[in-house]
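Here the structure is laid out as structure tokens; the discussion comes afterwards.
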Amino acid sequence: MASAILASLFHPSEVLALVQYKLAPKTKYNYSNDKARERLYHHLNMTSRSFAAVIQDLDEELKDAICLFYLVLRGLDTIEDDMTIDLETKIPVLNTFHEIIYQKGWTFTKNGPNEKDRQLLVEFDVIIEGFLKLKPAYQTIIADITKRMGNGMAHYATAGIHVNTTADYDEYCHYVAGLVGLGLSEMFSACGFESLVVAKRKDLSNSMGLFLQKTNITRDYLEDLRDDRRFWPKEIWGLYAEKMEDLVKPENCDKAKQCLSHMVWNAMGHIKDVLEYLEMIKNPSCFKFCAIPQVMAIATLNMLHNNYKIFTHENIKIRKGETVWLMKESDNIDKVAAIFRLYAREINKKSDPLDPHFVNIGVACGEIEQICVGKYPGSTAELARLQAGVMAGTSGSIITAAAVVAGAVALKSTFA
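When the letters of the sequence shown are read in order and numbered with mature numbering (1 follows the signal peptide of the UniProt record, and there is no 0), they come out as residues -17 to -1, 1 to 399.
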């Protein structure tokens, strides 16, 4: 935690968020009276600590359904992603996984020993037991999305992932992330927390997934290249290099950053839909569940833009303090719109006037500003408040710096 404080030293709002997070009473989720349910949430925590937190903050009506939705798809992905499993074994499982989740006692032990989520499938009978306890409406939604995603994964596993055009890119992201957005929206409407319009606006639900997935793909360039996976569309990278791996060569630094800005601009094309979707969500716990990943994504795009480090370093992430701050702030549409405006302005400031996408990104940032000012007027006051905290650390004020350091020292002593 001390390193997180140091990383956020010149961002007082982040230090404050870290202090508040550490000192706030923690919600304790106790499932000891139901051993099967306890095991479900154990697997959730083991596979994704970040998702575990937001899922467990959902209202009780949706918590188990979305937990199981996540674990079922995580199981499916663990099979698809494991290159040690031969296709003769893998393809039938991918194509029938939506039926397998109805088979009591089914487990899978053919993952390689180094597959980090192997144990989830070894104990998949626990997931199936939980799934079969859900309301039929939730089971139907989960099974439908699992079928569509499994069929898509089977197609890519046999034909190979060939992301040549931006249309290919959109299609791939739809299968691995857009479908998740569709399923979640159907659950929100099915439980009565949200209107039927939320489920009907499949275009917006799809964009929610695509914005997250495209941000991750852009960030994970080097990691995917190391694993011999290429998700950046050739239609984009082919404008800047003969081979995608040429972007890492130091002599191609300028071209690499131009390609990166093209990828950032492509991802930003979904932000209008993201804001429109979030505006529809009225239930507070559903709103935070949906909003937090989206604000993390715009913060990540800001970190990536014009940042050559993505071609030289793996596992680039936003600061922990920034993450905690974003989670604290993302509880209504005005605040979220203010966050998008804040990062859009930062992205615009980072743009290189000599970059071929300087104008395109500037226009995209201007559209975000225009949409938020017009549709979410309350975001202007929220933006001023956010800027006061964010900018305080760069003002050079001795008082501000002293306050931050004092807060850091106090926090460090709290942890001691």
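A virtual CB, placed ideally from N, CA and C, is assigned to each residue, including glycine.
Straight-line gap, Asp186 to Gly192 (C-alpha atoms, nearest Å): In the sequence shown, residue 186 corresponds to position 203, counting from 1. In the sequence shown, residue 192 corresponds to position 209, counting from 1. Near 10 Å, if we compare the C-alpha coordinates of Gly192 and Asp186.
8 Å CB neighbourhood of Asn235 in its chain, flanking five on each side removed: Start at 1 with the first residue of the sequence shown, and residue 235 comes out as number 252. For Asn235, where only same-chain residues beyond five positions count, the Cβ hits under 8 Å are Tyr223, Ala224 and Asp229.
What are the complete alpha helix (DSSP H) segments, minimum 4 residues, inside the region 35 to 113? Counting whole runs of 4 or more residues, the region 35 to 113 contains the alpha helix (DSSP H) stretches 43 to 64, 70 to 83 and 101 to 105.
Would you call the region 11 to 21 in contact with the region 78 to 91, where contact means no fewer than 3 C-beta pairs closer than 8 Å? no
Measure how close the beta-carbons of Ile316 and Leu284 come, nearest whole angstrom, since I'm counting them as under 8 Å. Here residue 316 refers to the residue found at position 333 when the sequence shown is read from its first residue. Here residue 284 refers to the residue found at position 301 when the sequence shown is read from its first residue. 20 Å between Cβ atoms; not a contact.
Report the rounded CA-to-CA distance for Leu179 versus Glu98, giving the unit in angstroms. Residue 179 sits at position 196 when you count from the first residue of the sequence shown. Residue 98 sits at position 115 when you count from the first residue of the sequence shown. CA-to-CA, the gap between Leu179 and Glu98 works out to about 39 Å.
Taking the C-alpha atoms as reference points, what is the distance between Glu82 and Leu205? Here residue 82 refers to the residue found at position 99 of the sequence shown. Here residue 205 refers to the residue found at position 222 of the sequence shown. Cα to Cα, Glu82 sits roughly 36 Å from Leu205.
Apart from the five residues on each side of it in sequence, which residues of its chain come closer than 6 Å, Cβ to Cβ, to Met310? In the sequence shown, counting from the first residue as 1, residue 310 sits at position 327. So the list reads Ile275, once near-sequence residues are dropped.
Let me check understanding here. Comparing Cα to Cα, which of Cys348, Pro336 and Asp338 lies closest to Ala321? Along the sequence shown, read from residue 1 onward, the residue named residue 321 stands at position 338. Here the closest residue by C-alpha is Cys348.
Under DSSP, the alpha helix (DSSP H) around Gly135 begins and ends at which residues? Taking the first residue of the sequence shown as 1, we reach residue 135 at position 152. Counting along the chain, the alpha helix (DSSP H) containing Gly135 begins and ends at Pro119 to Ala142.
For my contact list, Cys156 and Leu45 are in at a C-beta cut-off of 8 Å; report their separation, rounded to the angstrom. Looking up residue 156 in the sequence shown gives position 173. Looking up residue 45 in the sequence shown gives position 62. Contact doesn't hold; Cβ gap of about 25 Å is too wide.
By Cβ distance, which residues of its chain are closer than 7 Å to Glu154, with the 5 residues on each side in sequence left out? Counting from 1 along the sequence shown, the entry for residue 154 is found at position 171. Counting only Cβ-Cβ distances below 7 Å, and skipping sequence neighbours, we find nothing.
Between which residues of its own chain and Arg213 is the CB-CB distance below 6 Å, once the five residues before and five after are set aside? One-based indexing of the sequence shown puts residue 213 at position 230. Once the five neighbours on either side are set aside, the close Cβ partners of Arg213 are Met227.
Can you list the alpha helix (DSSP H) stretches of 4 or more residues lying completely in the region 303 to 363, in chain order? If we require 4 residues or more, the alpha helix (DSSP H) runs fully inside the region 303 to 363 come out as 303 to 312, 316 to 333 and 341 to 358.
Please state the DSSP three-state secondary structure of Gly224. Residue numbering aside, residue 224 sits at position 241 when the sequence shown is read from its first letter. Looking at the sequence itself, residue 224 is Ala, so the reference to Gly does not match. Three-state result, Ala224: coil.
Contact under 8 Å by Cβ, Phe171 with Ala250: Translated into the one-based positions of the sequence shown, residue 171 becomes position 188. Translated into the one-based positions of the sequence shown, residue 250 becomes position 267. The answer is no: Cβ separation not under 8 Å.
In terms of residue numbering, what span does the alpha helix (DSSP H) encompassing Ala19 cover? In the sequence shown, the residue the question calls residue 19 occupies position 36. Taken as a continuous stretch (DSSP letters only), the alpha helix (DSSP H) holding Ala19 covers Lys18 to Thr30.
Have a look at Ser33, Gly133, Gln241 and Asp60 and flag the residue whose alpha-carbon is nearest the alpha-carbon of Thr79. Start at 1 with the first residue of the sequence shown, and residue 79 comes out as number 96. Among Ser33, Gly133, Gln241 and Asp60, the Cα nearest to that of Thr79 is on Gly133.
His157 (DSSP reduced to helix, strand or coil): For the purposes of this step, residue 157 is taken as residue 174 along the sequence shown, with counting starting at 1. Note: His157 maps to helix in three-state DSSP.
Is it the case that the Cβ atoms of Pro216 and Thr149 are separated by a distance below 8 Å? Within the sequence shown, the letter at position 233 stands for residue 216. Within the sequence shown, the letter at position 166 stands for residue 149. Cβ distance < 8 Å, so Pro216 and Thr149 count as in contact.
Candidates Met136, Lys332 and Lys292: which alpha carbon is nearest Leu243's? Along the sequence shown, one-based indexing puts residue 243 at 260. Of the listed residues, the one whose Cα sits closest to Leu243 is Lys292.
Among residues of its own chain, excluding the 5 on either side of Ala399, which ones have a beta-carbon nearer than 6 Å to its beta-carbon? Working through the sequence shown from its first residue, we reach residue 399 at position 416. Its pLDDT being 48, under 50, Ala399 is placed unreliably in this model, and the value from its coordinates should be taken loosely. Taken in chain order, the list of residues that qualify is empty.
Is any heavy atom in the ligand FMN found nearer than 7 Å to the beta carbon of Ile299? Of ligands this structure carries none, so the ligand FMN is not represented either.
Quick one: give me the first and last residue of the alpha helix (DSSP H) that Phe272 is part of. As a working mapping, residue 272 is identified with position 289 in the sequence shown. It spans Pro267 to Leu287 - the alpha helix (DSSP H) in which Phe272 sits, taken as one unbroken run.
If we ignore side chains and look at the alpha-carbon of each, how far apart do Gln86 and Ser362 end up? What you label residue 86 is simply residue 103 of the sequence shown in a count that begins at 1. What you label residue 362 is simply residue 379 of the sequence shown in a count that begins at 1. Taking the straight line joining both Cα atoms gives about 49 Å.
Taking DSSP as the reference, what is the three-state secondary structure of Met374? The residue labelled residue 374 in the question sits at position 391 within the sequence shown. Confidence in Met374 is poor, its pLDDT being 49 and thus under 50, which makes the residue's placement too unreliable to answer from.
Element boundaries [alpha helix (DSSP H), containing Arg209]: For the purposes of this step, residue 209 is identified with residue 226 of the sequence shown, where counting begins at 1. Tyr204 to Arg209 is the span of the alpha helix (DSSP H), which, as asked, contains Arg209.
According to DSSP, simplified to helix, strand and coil, what is Ile293? Residue mapping note: residue 293 aligns to position 310 of the sequence shown, counting from 1. DSSP places Ile293 in helix when its eight states are reduced to three.
With respect to the alpha helix (DSSP H) encompassing Asn147, which residues constitute its N-terminal and C-terminal limits? The count along the sequence shown starts at 1 and reaches residue 147 at position 164. Here Asn147 belongs to no alpha helix (DSSP H), and DSSP marks it neither H nor E.
Have a look at Lys118, Glu106 and Tyr260 and flag the residue whose alpha-carbon is nearest the alpha-carbon of Val181. To locate residue 181, count along the sequence shown from 1; it is residue 198. That would be Tyr260, whose Cα lies nearest to the Cα of Val181.
Would you identify the three-state DSSP class for Lys232, choosing helix, strand or coil? Here residue 232 is taken as the residue at index 249 of the sequence shown, counted from 1. Note: Lys232 maps to coil in three-state DSSP.
Grouping DSSP H, G and I as helix and E and B as strand, with all else coil, what is Ile381? Taking the first residue of the sequence shown as 1, we reach residue 381 at position 398. Residue placement at Ile381 cannot be trusted, given a pLDDT of 41 that sits under 50; what the coordinates show is reported in the next sentence. Ile381 falls in the helix class under three-state DSSP.
Rounding to the nearest angstrom, what Cα-Cα distance links Ile301 and Arg57 in this structure? Locating residue 301 in the sequence shown gives position 318, where the first residue counts as 1. Locating residue 57 in the sequence shown gives position 74, where the first residue counts as 1. Distance from the CA atom of Ile301 to the CA atom of Arg57, rounded to whole angstroms, is 24 Å.
DSSP state of Glu177, grouped into three classes? Position 194 of the sequence shown, counting from 1, holds the residue named residue 177. Coil at Glu177, not helix or strand.
Helix, strand or coil for Ser188? Go by DSSP, reduced to three states. In the sequence shown, the residue the question calls residue 188 occupies position 205. Helix at Ser188.
Consult DSSP for Arg368 and reduce its assignment to one of helix, strand or coil. One-based indexing of the sequence shown puts residue 368 at position 385. If DSSP states are grouped into helix, strand and coil, Arg368 belongs with the helices.
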